[in-house]
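Peer 1:
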Amino acid sequence: MLMESDRVANQFRMFVRALALGLDVLPLGLLDVPSEAKELIELMRTQARKSRFEVDPDDERVIKDVFLILNQLENGIVPDEYDIKRVLDSIGVKKWSDCNKEVKLLDAEIGLDYSNEEKRREMPFLSSLMGFMSYSRCVLFDAVDNKVAQQQQHSSRCDSDLLSCLNSDDFRCPISLEIMKEPVTIATGHTYDRSSILKWFRSGNPTCPKTGKRLRTTELIPNLVLKGLIQQYCFRNGIHFAESGHKNRDITRTIHAGSLAYEGTMRLVADFLAGKLTNVDDEERNKAAYEIRLLSKASIFNRYCLTEAGVIPYLLKLLLSKESMSQENAIAGLLNLSKHSKSKAVIVENGGLELIVEVLKKGSQMEAKQHAAATLFYLASIEDYRKLIGENTEALPALLDLIREGHDRAQRNALVAIYGLLTHPENHRRVLAAGAVPLLLSLLTSSEREERVANALAVLASLAEKADGAKAVLQSGALPQIVGVLDSSTSRAAKEQCVVLLLALCINGGTDVVSLLVKSPSLMGSLYSQLSEGTSRASKKASALIRILHEFYERNSSGSKTPIFSRERFVHVW
């Protein structure tokens, strides 16, 4: 608001001038109104003529200070702390939490402008301001005040109470009747899923689907509050929440700095935090690690700057800290940085793999362990690192232990890490030797979250692609269990993985498996439903599996002894 004060004042001037003009031409003498009303109108006319609506001189000085600071940051010059404090005092920023709130508001505003072509021209200036506030948060405030945690706890309680009062139908798009992935609000105030309302508009319907009212604008406003509630509802009820592609486009905007001032600011901030990590004071190092955690989560460009500044070796050393928060902030920062291509090599080359596995095994908090598992997942995207992780004798057992501990997010991170490691051939044998199959099968019945069941099935399907993996699954007597999940699950992802797993078991298990499946009275119905209701992949796999079952039934009925499983015959399935 401070930086827009001149524009706001100008809008008020235009409004008052229009009001004065309207009152000047108003024929008061011809109107039958009380004398008190005429006196009031005359007073308004006089005041409208006198009103100036100029920007406050103090605000003008602060605005000049902001532009001076932004210019210094753009050129890599460290601004004077007194100048920064004067600006912050003028906008009421007194604590770390106040500053952090401003950063979040600016980030949200940039996200909204990015989704609106007409407002994108404002993004460079907003990015510069966010860089300035991020610099202030990192450099000026020595400690993170407790208000942050209190706000998070209060918000969590409020959201919980709110969720209990809402009907799940409120989360469904009025057009598609499915839970909204990206709720947006149109001019009438009604909310729809972005993809559905865009299809409606592109079909030549410039109206509100609910009211039929013609819209003056087809601008879509993201309903972030509702989206947050939907995410919490899905998480608490074990419903998979698939992020829309629109969010992915938003993330790509952070590959580059939004402005030259933001670029210069982040380089200064990264160097400052790298220096703080070398400090002997535990509190300063923890605060620096926390700032790195926040910055690396917010922007791809931030990850690049932090990696270039050399923070990774210091974060790795901080993993050995006996302070639980320092360890958690360090591993969370490394997790975010590991998503950057250059950071992966820096982590591994500095002995990070062994340290991350150590946190995975003996982390002081469950949050640290689950961050460690997720970090291994991102490192496993590189073939050479998949091999190194597999060769670490403690990595796979530690991931399986994390699944056993039963924490939802920890289980998910461990499962996706194992799934990523299986793309290296040698790790297939190691996962089986670690006893993964019985544990994964237990999740099919013990987990209340369908997303977790789908994750476990995906790992089992990957294992069953090879004969020894299929043998391990079959020896556990899992066929009825897998068919049961296919019949009862409401998750499309879980059903897809069931079909993929059953097909792999048929191909690698032979006629013994097929003979058991053809006896299942519900299987064919579930497979046929996947042809029309399942994902594209599920439909293809279901079609191949149905063909195998039909061929077996026909050959068995005719008494033919011709083997039906020839590798060449099923190459087209994959």
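Letter by letter, the sequence shown follows residues 1 to 574 of full-length UniProt numbering. Here a beta-carbon is modelled for each residue, glycine too, at the ideal position from N, C-alpha and C.
1. Is the beta carbon of residue 444 less than 8 Å from the beta carbon of residue 456?
2. Can you tell me the Cβ-Cβ gap for residue 465 and residue 504, rounded? I've got them flagged as a contact below 8 Å.
3. Hey, residue 106 and residue 133: beta-carbon distance below 8 Å or not?
4. Figure out for me which residue from 199, 290, 67, 191 has the closest Cα to the Cα of residue 226.
5. Output yes or no for whether 8 Å exceeds the beta carbon distance between residue 450 and residue 490.
6. Look up residue 500 in the DSSP assignment and give the residues it is bridged to.
7. I'd like to confirm the pairing. Which residues does DSSP put opposite residue 207 in its beta bridges?
8. Closest to residue 371 by C-alpha separation, out of 72, 413, 65, 230, would be which residue?
9. Between which two residues does the beta strand (DSSP E) harbouring residue 445 extend?
10. What did DSSP end up calling residue 282 once you bin it into helix, strand or coil?
11. For residue 356 and residue 375, which I take to be in contact (beta-carbon distance under 8 Å), what is that distance rounded to the nearest angstrom?
12. Let me confirm a value: residue 349 is counted as buried when at least 16 other C-beta atoms fall within 10 Å, else exposed. Which label applies?
13. What residue range is occupied by the uninterrupted beta strand (DSSP E) comprising residue 185?
14. So the alpha helix (DSSP H) residue 511 belongs to, where does it begin and stop?
15. Can you tell me which of the three DSSP states residue 179 falls into?
16. Just how far apart, CA to CA, sit residue 379 and residue 261?
17. Considering residue 271, what are the terminal residues of the alpha helix (DSSP H) in which it resides?
18. Can you look up residue 397 in the DSSP assignment and give me helix, strand or coil?
19. Give the range of the alpha helix (DSSP H) segment to which residue 307 is assigned.
20. Quick one: measure Cβ to Cβ for residue 308 and residue 257, integer angstroms, because I've assumed they're closer than 8 Å.
21. Can you tell me where the alpha helix (DSSP H) with residue 487 in it begins and where it stops?
22. Tell me where the alpha helix (DSSP H) around residue 408 begins and ends.
23. Should residue 273 and residue 291 be called a contact, given that it needs their Cβ atoms to be closer than 8 Å?
24. Would the beta-carbon of residue 359 fall within 8 Å of that of residue 312?
25. Grouping DSSP H, G and I as helix and E and B as strand, with all else coil, what is residue 222?
26. Pairing CB atoms from the segment 197-214 with CB atoms from the segment 169-176, are three or more of them under 8 Å?
27. Check whether the segment 386-397 and the segment 331-339 touch, using three or more Cβ-Cβ pairs below 8 Å as the test.
28. What distance in whole Å lies between the Cβ atoms of residue 109 and residue 88, which are believed to be in contact at a cut-off of 8 Å?
29. Alpha carbon to alpha carbon, how far is residue 300 from residue 121? Give it in angstroms, no decimals.
30. Looking only at its chain, what residues have a beta carbon closer than 6 Å to the beta carbon of residue 352, apart from the 5 residues adjacent to it on each side?
31. Per DSSP, what are the beta-bridge partners of residue 191 in this structure?
32. Would residue 439 and residue 400 be called neighbours here (beta carbons separated by less than 8 Å)?
33. In whole angstroms, give me the CA-to-CA distance for residue 180 and residue 482.
34. Along the alpha helix (DSSP H) that carries residue 337, what are the first and last residues, could you check?
35. If you measure between the beta carbons of residue 486 and residue 500, is that distance less than 8 Å?
36. Within 10 angstroms of the Cβ of residue 34, are there 16 or more other Cβ atoms? Answer buried if so, exposed if not.
Peer 2: Let me lay it out:
1. yes
2. 5 Å
3. yes
4. Nearest C-alpha to residue 226: 191.
5. yes
6. DSSP, once it has assigned bridges, lists no residue as partnering residue 500.
7. 214
8. 413
9. No beta strand (DSSP E) contains residue 445, which is instead part of the alpha helix (DSSP H) from 436-446.
10. helix
11. 5 Å
12. exposed
13. For residue 185, the enclosing beta strand (DSSP E) begins and ends at 183-185.
14. 511-517
15. strand
16. 32 Å
17. 260-277
18. helix
19. 300-308
20. The pair is not a contact, with the Cβ atoms about 13 Å apart (cut-off 8 Å).
21. Unbroken alpha helix (DSSP H) run through residue 487: 479-488.
22. Run containing residue 408: 408-421, per the alpha helix (DSSP H) assignment.
23. yes
24. For the 8 Å CB-CB criterion, residue 359 and residue 312 do not form a contact.
25. strand
26. yes
27. no
28. Not a contact, Cβ separation roughly 19 Å.
29. 21 Å
30. 316
31. 185
32. yes
33. 29 Å
34. For residue 337, the enclosing alpha helix (DSSP H) starts and ends at 324-337.
35. no
36. exposed
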